[in-house]
Structures are given as structure tokens and as C-alpha cells.
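Structure record follows, encoded as C-alpha cells.
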Amino acid sequence: MKKICVGLLGFGTVGSGTAKILIENRDVIEARLGATLELKWIGDLDIETDRGVSVDKKVLTTDVNQVISDPEVDIVVELVGGYEPAKTFILQAIENGKHVVTANKALLASYGDEIFSAASDKGVEVGFEASVCGGIPLIRSMKEGLIANRIQGFFGILNGTANYILTKMTNEGSPFSEVLKEAQALGYAEADPTFDVEGVDAAHKLTILLSIAYGVPIDFDAVYTEGISKITPLDIMFIKEFGYRIKLLAISKDDGHAIEARVHPTLIPENSLLANVNEAYNALYITGDAVGNVMLYGPGAGMMPTGSAVVSDLVDIGRNVLTGAVGRVPCMGYQPSNVKPRLIKSPEDLKAKYYFRFSAHDRPGVLSRISGILGKHEISIKSVHQKGRDLVGAVPIVMITHEAKGAAVHLALSEIDELDVVKDKTVLIRIEDWI
Ligand code: HSE
Numbered sequence: 012m013k014k015i016c017v018g019l020l021g022f023g024t025v026g027s028g029t030a031k032i033l034i035e036n037r038d039v040i041e042a043r044l045g046a047t048l049e050l051k052w053i054g055d056l057d058i059e060t061d062r063g064v065s066v067d068k069k070v071l072t073t074d075v076n077q078v079i080s081d082p083e084v085d086i087v088v089e090l091v092g093g094y095e096p097a098k099t100f101i102l103q104a105i106e107n108g109k110h111v112v113t114a115n116k117a118l119l120a121s122y123g124d125e126i127f128s129a130a131s132d133k134g135v136e137v138g139f140e141a142s143v144c145g146g147i148p149l150i151r152s153m154k155e156g157l158i159a160n161r162i163q164g165f166f167g168i169l170n171g172t173a174n175y176i177l178t179k180m181t182n183e184g185s186p187f188s189e190v191l192k193e194a195q196a197l198g199y200a201e202a203d204p205t206f207d208v209e210g211v212d213a214a215h216k217l218t219i220l221l222s223i224a225y226g227v228p229i230d231f232d233a234v235y236t237e238g239i240s241k242i243t244p245l246d247i248m249f250i251k252e253f254g255y256r257i258k259l260l261a262i263s264k265d266d267g268h269a270i271e272a273r274v275h276p277t278l279i280p281e282n283s284l285l286a287n288v289n290e291a292y293n294a295l296y297i298t299g300d301a302v303g304n305v306m307l308y309g310p311g312a313g314m315m316p317t318g319s320a321v322v323s324d325l326v327d328i329g330r331n332v333l334t335g336a337v338g339r340v341p342c343m344g345y346q347p348s349n350v351k352p353r354l355i356k357s358p359e360d361l362k363a364k365y366y367f368r369f370s371a372h373d374r375p376g377v378l379s380r381i382s383g384i385l386g387k388h389e390i391s392i393k394s395v396h397q398k399g400r401d402l403v404g405a406v407p408i409v410m411i412t413h414e415a416k417g418a419a420v421h422l423a424l425s426e427i428d429e430l431d432v433v434k435d436k437t438v439l440i441r442i443e444d445w446i
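Under the working numbering, think of the first position of the sequence shown as 12, with each following residue one higher.
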């Protein structure tokens, strides 16, 4: 049987899962590919720790060059993570004529264009199915399964840590900091959770999806990003009373003129499909002009799910190696000459419905002052709710608005927050109620 040699860089969680799948599912992979995926090298700084995978000790090395320069290696898998030295390893592997598979979304969201263009110049492939939502076959679905469609928009729960925290806050009413500590103890959140809870990880993934959906160059800075760390149990209570659930959503819409690209906490109807994606699960709800609505759901992280995505790329590239095909499916799904920038809407230009929670003194005339300012900025109120009665301190006043422009909301809230009857900064959460 023909042999395709794989060199793995990084023997951590995903590296171990990948190796385990290559060993334990060898028969089914061979039956489908018609060749063996042979794990020729596993490179890591630590080759002593037992990873629970029965690999031959001979394949373990601490020498990166052994992995990326071995003439027998066809595909290099980068599972080191971070920007450097991962980027250098990938570019060197490409330079050496190796195909590359990576799960590194942060790297692709910043340097994807450079990496894809180096690969195209060298006539090699870059597989990155594992970079967005681990085990869910999103990239291949968008690049190939939905190829007939103009993508009109998509909504994603792309970060499992944030979804786990919001699910617990919703079900248990606990504060963010408490749930985060619990999540860290259970291994659902990293010691430094910034990328996950501040929306950066989801924005990296959205950046990659935007390119594949619309054929635009990678541009992480164009994505508006807001995290979940300021969400309070009080807001969760109101959100539930209004019949919504809160999710950290990655949102994109294409109106034919400009694209929306944003990650922020979002209220969605409690009975919608996405509202019921709970715990650490991920999902992507995509609207194509031909297919209509499609939702993909599954585990977005973890040793075996992410390993499953890595191996799918190995088999895909393996098929090309066997048939001598290169660039059959372009990295971003579009021919490089057709990858062109599009106008991306700024938060000020975005139109959305809003949840506002004002913290105001409970005195006659307060509501009319707040609603007067909203009216002046053409922000129309759909419903108002006030809880409690407190003549000395402040009470929460919650409003749901009709669609309003970001710039108008910005101006109105700055004026409202200056009022002597308003105690704290107003809480603002966007609503998508058509999902
Ligand atoms: N840290 C990510 C998450 C998993 O919490 O979803 C890897 O992309």
C-alpha cells in the first residue's frame, strides 16, 4: 500500500489526539484513502511525558528540522500554537515543499494571507479545518458543500469557554467571576482566559470564516470585538424575563453592498436553535441564497474532536498527493485572483435592536428625561421594565428598542450617562430576534 508521511510538530492535547486517531483508526483511514498515513516524526520540546498514546519511541524528536526537512515527509502538521515559532516552522515547511496542516487560528487570522500566498507560490496545500470550531467540519462545508451559494450571513457560537460560562450564569444565576473560577478548575477555561472571554478567539475564527464566505483578504482588525466579562446576574435575570438567552455570537451579514463582522454578547429568542446550544458546544448557523438556512453543531475543542479535524485535512491532502493534484480547492475557497477587499461596516454604521439597562434614581420625570434623549436621537422604544423601588439609591430600568443606528446609540448613551439622575454607566447589549 502507498505511504504518505506525516511530520507532527507539537505533542500536546491535539497532537496526542491526532496521533491516537492515526494509530487506532488506521484501518478505516486506509480503506477510505487507499494509502497509509504514516506518522514519521513527532516533534516536541518534551518527549518524556507519557501522552497516553502508544507511539513508537523512534518517531519522537526534539529537533524541529528533522520534522520539516526530512525529504520523506509529505505533510507537516503544526500544533505548536501561538505566533512564533509556529509561523517560522510553517513557512520553512512550505519552503521545503511540504504541505501543511494547522489548527492555529490566531496565526491564520493575522498572517493567513502570507502563509496561503507562500503555499500557492510553492504549489503546496494548507489545511486548517481544525482552526475553527474543532471537530465541526465547518471549513470544508463552507468551501465545498455550500460552494453553490452566495453566503448572505452567518451566526456562530465559536467559543466553547464563553458558551460554557454564559450557560452556567443563565442556569445558576451566578456571577461571571465565580463561574470563570469553576470553569478554570474543571479545565474548561485557561489560566489566562482573556482571548476566550473577551471575544478575541471568536474574532480570530470569524476572520477566517469571513475570507472563506466572501473571498475577502484576512483582516482581523476589521472585526468589532466585545467580550462577556461585564455581563451581570441582574442582566441575565432581565434577559430571561424578556424571553431571550444571551450568547457570545460571531455575526456576519452581507447586504450586497457591505459586510458586517462582529463578535459581542447578543440576545436571541429563547426558543431559537442557537439559544439551545449550551455548555462548551459550538455551532454555526449559515444562510445561503440557494440552500436557505443550515446549522452545524458539535464539539468545538478537545483532543479527539480537534484531532478528527486535523486527520480530515491529512486525508484530503493525501488524496491530492496520490492523484498529483495541487490547489484543486484554493485555501480560501476562492481563486487567489478573485480575493478582493469589501467594505466592512463600522459599529457606528450598524443597525441593531438594543437592550439598555439604566441605573437611575427613582424620581418623577427620570424616565421622560431618558426617553426624551433617546427620542431626540431617533431611537424608538419597544418596551420598558422597572424593577424595585428605591428613593435613595438607584433602580434598574430596562428598555428594549426597535432598530437603531450604532452612532445614534453612542451619542444618546453618552448624554444619558451624564444626567445627574443616572448613577452608573448604561449597560448595552445588542439583540438579534429574527434567528
Ligand atoms: N479556546 C477555544 C474555546 C477552543 O474555548 O472554544 C479552541 O479553539
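Cβ coordinates follow ideal geometry from the N, Cα and C atoms, glycine included.
When beta bridges are read from the DSSP output, residue 261 appears opposite 167, 274. DSSP places residue 13 inside the beta strand (DSSP E), whose first and last residues are 13-20. In the three-state reduction of the DSSP assignment, residue 367 falls in the strand class, which pools E and B. For residue 311, the distance from the CB to the nearest heavy atom of the ligand HSE is below 7 Å. Annotated three-state conformation of residue 293 is strand, per DSSP.
In this structure, the straight-line span from the alpha carbon of residue 210 to that of residue 202 is close to 16 Å.
For residue 180, same chain residues with a beta-carbon under 6 Å away, outside a window of 5 residues either side, are 190, 247 in chain order.
No Cβ-Cβ contact shorter than 8 Å links residue 126 with residue 253.
For residue 356, the closest alpha carbon among the candidates 394, 418, 382 is that of 418. DSSP lists no beta-bridge partner residue for residue 147. Residue 415 is positioned such that its CB atom lies closer than 8 Å to that of residue 390. With a cutoff of 8 Å on beta-carbon distance, residue 309 and residue 31 are scored as not near each other. For residue 308, DSSP records a beta bridge to 294. Separation of residue 221 and residue 280 (C-alpha to C-alpha, rounded to the nearest whole angstrom) is 25 Å. Pairing residue 40 with residue 326 gives a Cβ-Cβ distance under 8 Å. The ligand HSE has no heavy atom closer than 7 Å to the beta-carbon of residue 282. Collapsing the DSSP output to three states places residue 412 in a strand.
Residue state for residue 256 is assigned as strand, using DSSP reduced to three classes. Residue 334 sits exposed, since fewer than 16 C-beta atoms from the chains shown fall within 10 Å of its C-beta. Looking only at 338, 329, 337, the smallest Cα-Cα distance to residue 86 is reached by 329. Ranked by Cα distance from residue 262, the first of 255, 278, 251 is 278. The continuous stretches of alpha helix (DSSP H) do not include residue 47, which lies in the beta strand (DSSP E) extending over residues 46-54. Listed as beta-bridge partners of residue 235 by DSSP are 273. If you check the C-beta of residue 145 against the ligand HSE, you find a heavy atom less than 7 Å away. DSSP, read as helix, strand or coil, puts residue 299 in strand.
No Cβ-Cβ contact shorter than 8 Å links residue 294 with residue 146. With the rule of 3 Cβ pairs closer than 8 Å, the segment 107-124 does not count as touching the segment 33-53. Residue range 84-89 is occupied by the beta strand (DSSP E) that includes residue 89.
In the DSSP assignment, residue 113 falls within the beta strand (DSSP E) that extends over 110-113. In terms of Cβ geometry, residue 136 and residue 129 do not form a close pair [threshold 8 Å]. For residue 221, the enclosing alpha helix (DSSP H) has its first and last residue at 211-225. The criterion of a C-beta distance shorter than 8 Å is not satisfied by residue 255 and residue 171.
The shortest CA-to-CA distance from residue 51 to any of 368, 438, 82, 155 is the one to 82. Taken from the Cβ of residue 178, every heavy atom of the ligand HSE lies 7 Å or farther away.
Annotated three-state conformation of residue 386 is helix, per DSSP. When beta bridges are read from the DSSP output, residue 362 appears opposite 416.
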